[in-house]
Structure formats: structure tokens, C-alpha cells
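J.: There's a structure below that I have some questions on.
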Amino acid sequence: MKLLLSSIAAILIVSIGLFIFWPSEAPSTAQNNTTSPAVAAPETPSAQTTELIIGDPNAKATIIEYADYKCPSCGEFHQKAGKQLRANYVDKGLLKIVFRPFPVYAVDGAQALVGSYCAKDQQQFTEYHDVLFEYMWVNHFRQGDYQKAIDTVLTESVMNDLMKNIGMDPKVYKECMDSKKHDKAYYDTIDLAAPDEIQGTPSFIINGQKIVGPQPYSVFKTLVDIQLQ
Amino acid sequence: MSWPKLWLLKLKISLRSALKVFRRPAYIVLALLTTLVASGSILWSLNLDLLRYIIFEAPISALAKVDFFFDIYKGVYTDFSSAQSTLVVIFSVLFGINLALLVFVLKHRGFKAIPKKSGAGGFALAIIGGGCIACGTSLIAPLLATFGASATPLIRDLATVFTFIGSLLIIYSIYKLGAVCSYIFTSQDLT
């Protein structure tokens, strides 16, 4: 019985001890911004002028999201916690989501991420963002077909159809892409991932706290509510 | 006796002895506690700093902190894909059983009686696989990149496979420990 009780106590002590004394990660640049409620302030001038924002840019709370349209877990976040955050906070003007491209999957995915800036030129970034995540989820990831994350699925014709659906002009989009005028902003934004210690997608920063993975809505809600206090 | 029959008999004896251990309530408590710690380690593995912030620094009530901690347990059934979350739950329960049996064997026979393959490898695999459920691409992607694989579409499948293999290793460990328990029950006349 002694050994048994010691085991139970040991498990509790070791877990609590590991939890408390495990070394924290070095603070990232984003984490250094914790004094300001709007941690979205980007670090480089070109990223500053071209941040991809969903919601009211003056909203009190901010979530920085690093994602790829072709990442299944990012799609899962958007179907679950993302939709709830949009309905309960973003649509009410309380929260803005700063979308930062973090290319992980295939060339067509990276192209679609660069295209976000061209969609922004047409005042359609939010719709473009939503339609791409929805397309990947409904047609591929919902069925568990994760292979499509690396297959080329966002072809020119698919992209054109999606853009037409949301009222974007594919010709203007193509001209924008060909001009490569947003490449610098795109790469500058990707560079922000290193100081934020981003290693995969989806990753989020809320009020200086990093969240890794498509966590439940309550995790995001707690941190957003703290930011809104 | 043919080998499949012999193997089945061994399995039956081993499982029956393992079940006998859980007639003692303290071992049920130990198994439950270990299950919670194991699943927590898997689910929170990549967000420990966040958890620490919420528990020690966040300006919210104690009740909200407790709620935050347990929400991810509820989330395992709703927010992750079902096959993966089911595997995490199964693995954690198996790990809890495994540890309780290990303690039982230790108590009655000491370290020498513990079978060599008693679950450490299974736990490592499940942490890699299970951690990835929580992270998306964060944990396995750098591992794959280390081995030269740049494409990571199968990460979610790999996570499931890792947790599955981890669970199989733990089952094997339970079988081996159950056999030792059966010896303990017969030789010491325990019930």
C-alpha cells in the first residue's frame, strides 16, 4: 500500500514539477508586445502597410494567425473555432484577425497565399480567404483526403471560378500576380514568423501568448476575453 | 496443444490476472490519475507555456482557470478528427492500466520482475503522434525535415500511425505484466 500511495504521489509531484519548472521559451518579438493590446503592429515597413486583416482594423483585440490555405489543420480551425470567433467577436467589431501567410504545402498553396495581397487590392481579402479554406475543406479535407495538400489542386481554372464566385476580377488578379508587386510584402511577412518562433501551421499569437494547433474555441475565447478586459 | 491455442490461453490468463489487480480501488485511482496525466501530456505538449500563463498569470478567476484546463479534455471529443482523438483516449487509458500493473508488480516482486518492454517506447511514440494532433504540422514536420522529407501531407496520418503503434506497444506491455501478475497471484495466494 505504501508503494502504491508513493506512486500516486510521485505522479502528481513529477507532473506538477515538470509543468512548473520546465524552461519557458524565449520571449518572441510578438510576445514583447504584450503591453499593447494590439500586438498586430508589424515589425517591417512593407508588412506594416500590407497586413491582411479580417474584421475592423481598430478592434480592441487581435489574433495573429500563421496559416496556409492548404493546411488541413488550418482548415479545421476555420471550420470550428474560427467560425465561432468570427460570429461572436469579429462580426461585433471586438476582434480583428491578422492573417500571416506561412507556406507549408506546395507551390499552388504558396501562390494562393501571395494572391491574398492581390485580393486585398480588390477589397476582397476576407472573402478570398474564406472561399479558399472552404474549397479545400469541403472538397478534400473533410473526407480525410490530406494528399490534396501537396497535389496541385488550386489550378488557374479553379482559382478563376472561386474568384468569380466572390465577385473578384480574375484578370486584374492575374495582372497583379504577374507584376510580382506584392512579393516583398509576402516575404517580409514570412520573415516575421522566425522572431515569433513559429514552426508549423496553424499557430496563433493572442496578447503575446502563442497557441499551437487548431485548439478548441474556449482556448481562444479565454485569451480574447482577457485582451478585451 | 497447438501454438494459437497456447497463445490464447496465455492471453486469457494474463488478462484475467490484470483485471484482478483492479479489484483493489487504489489501483483504479492510480490508473485514472495516470490516464489524465498521460492524455494531458499529449494534448498540452505543445502549449505548455500557454497553460502555465493561464494558471499562474492570467487575470481570470480560479474557476475559469480550472475550466480552461479541462476544456481541452472535452475538446478531444469535438475539436480534433475522431480517429485521432479516439486513439489518444485509448492510448491514455491503456497507459494508465499499464502503470498501475507496473506498480503492482513492483510492490510484490520488485524491479527484477518487470518485463523489459514495459511501455516507455510506446509512450514516446504516442507523444510524437498525439502531440501532432494538437499542433497540426508543428511536431512531426521538423522531424520529417530532419530526415530530408519536405512534403508533409501525411503528417496527420503519421500522427495516427504513431499513436496506434504506441498503443500496440502498451498492449504488449500490459500482456507481459499481466503474465507476471498471474504468477504473483498463484505463488502468493492473493485474490
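Protein sequence lines, in the order shown, are assigned to chains A and B. In terms of this note's numbering, the first sequence is residues 607 to 835. In terms of this note's numbering, the second sequence is residues 963 to 1153. Note that beta-carbon positions come from the ideal geometry of N, C-alpha and C, so glycine has one too.
1) Since residue 1125/B sits in a beta bridge, which residues does DSSP pair it with?
2) For residue 706/A, does the three-state DSSP call read helix, strand or coil?
3) Tell me the DSSP secondary structure of residue 810/A in three-state form.
4) Give, in chain order, every residue of the segment 802-818 of chain A whose Cβ lies closer than 8 Å to some Cβ of chain B.
5) Just curious, the alpha helix (DSSP H) that residue 740/A is in, first and last residue?
6) Work out the CA separation of residue 806/A and residue 706/A for me, nearest whole Å.
7) Looking at the structure shown, is residue 679/A part of a helix, part of a strand, or coil, going by DSSP?
8) According to DSSP, simplified to helix, strand and coil, what is residue 759/A?
9) Answer with yes or no whether the minimum CB distance from residue 1015/B to chain A is below 7 Å.
10) When burial is assigned at 16 or more other CB atoms within 10 Å of the CB, is residue 730/A buried or exposed?
11) Would you report the Cα separation of residue 710/A and residue 717/A, rounded to the nearest angstrom?
12) Measuring only between beta-carbons, confirm whether residue 669/A sits less than 7 Å from chain B.
13) Taking DSSP's pairing of strands, which residues face residue 672/A in a bridge?
14) For residue 786/A, report the span of its alpha helix (DSSP H) as first-last.
15) Counting only the same chain and skipping the five closest in sequence on each side, list residues whose C-beta sits under 7 Å from that of residue 678/A.
16) How big is the Cα-Cα spacing for residue 634/A and residue 781/A?
17) Within the 7 Å Cβ cut-off, does residue 703/A reach chain B?
18) Note down, in chain order, each residue of its chain lying with its Cβ closer than 7 Å to the Cβ of residue 660/A, except the 5 sequence neighbours on either side.
19) Say whether chain B places a C-beta atom closer than 7 Å to the C-beta of residue 824/A.
20) Can you find a CB in chain A that lies within less than 7 Å of the CB of residue 1000/B?
21) Could you give the C-beta distance for residue 804/A and residue 672/A, rounded to a whole number, given that I count them as a contact under 8 Å?
22) With DSSP collapsed to three states, give me the class of residue 971/B.
23) With 7 Å set as the bound, which would you pick, yes or no: does the beta-carbon of residue 1030/B sit closer than that to a beta-carbon of chain A?
24) Helix, strand or coil, according to DSSP, for residue 835/A in the structure here?
T.: Looking at the coordinates:
1) DSSP lists no partner for residue 1125/B.
2) Here residue 706/A carries a strand assignment [DSSP, helix/strand/coil].
3) Shown here, residue 810/A sits in a strand according to DSSP, grouped into three states.
4) The segment 802-818 of chain A vs chain B, Cβ under 8 Å: 805, 806, 807, 808, 809, 815, 816, 817 and 818.
5) It spans 731-745 - the alpha helix (DSSP H) in which residue 740/A sits, taken as one unbroken run.
6) So the alpha carbons of these two residues sit roughly 12 Å apart.
7) Of the three classes helix, strand and coil, the one that applies to residue 679/A here is helix, per DSSP.
8) Here residue 759/A sits in coil by DSSP.
9) Residue 1015/B counts as touching chain A.
10) Buried, because 16 or more other Cβ atoms sit within 10 Å of the Cβ of residue 730/A.
11) For residue 710/A and residue 717/A, the distance between alpha carbons rounds to 12 Å.
12) With 7 Å as the cut-off, residue 669/A does not count as an interface residue toward chain B.
13) Its beta-bridge partners are 706/A and 809/A.
14) Looking at the DSSP string, residue 786/A is not in any alpha helix (DSSP H), and its letter there is neither H nor E.
15) Hits under 7 Å: 747, 752 and 755.
16) Low local confidence applies: a pLDDT of 42 at residue 634/A is under 50, so the model's placement there is unreliable, and no value is given.
17) Residue 703/A does not count as touching chain B.
18) By the criterion of a C-beta distance shorter than 7 Å, residue 660/A is surrounded in its chain by 696, 702, 703, 705, 732 and 735, once the five residues flanking it on both sides are discounted.
19) Yes, residue 824/A counts as interfacial toward chain B.
20) At a cut-off of 7 Å between beta-carbon atoms, residue 1000/B makes no contact with chain A.
21) Taking the Cβ atoms as the reference, residue 804/A lies roughly 5 Å from residue 672/A, within the contact range of under 8 Å.
22) Residue 971/B: helix per DSSP, three-state reduction.
23) Look at residue 1030/B: its C-beta is under 7 Å from a C-beta on chain A.
24) Secondary structure of residue 835/A (DSSP, three-state): coil.
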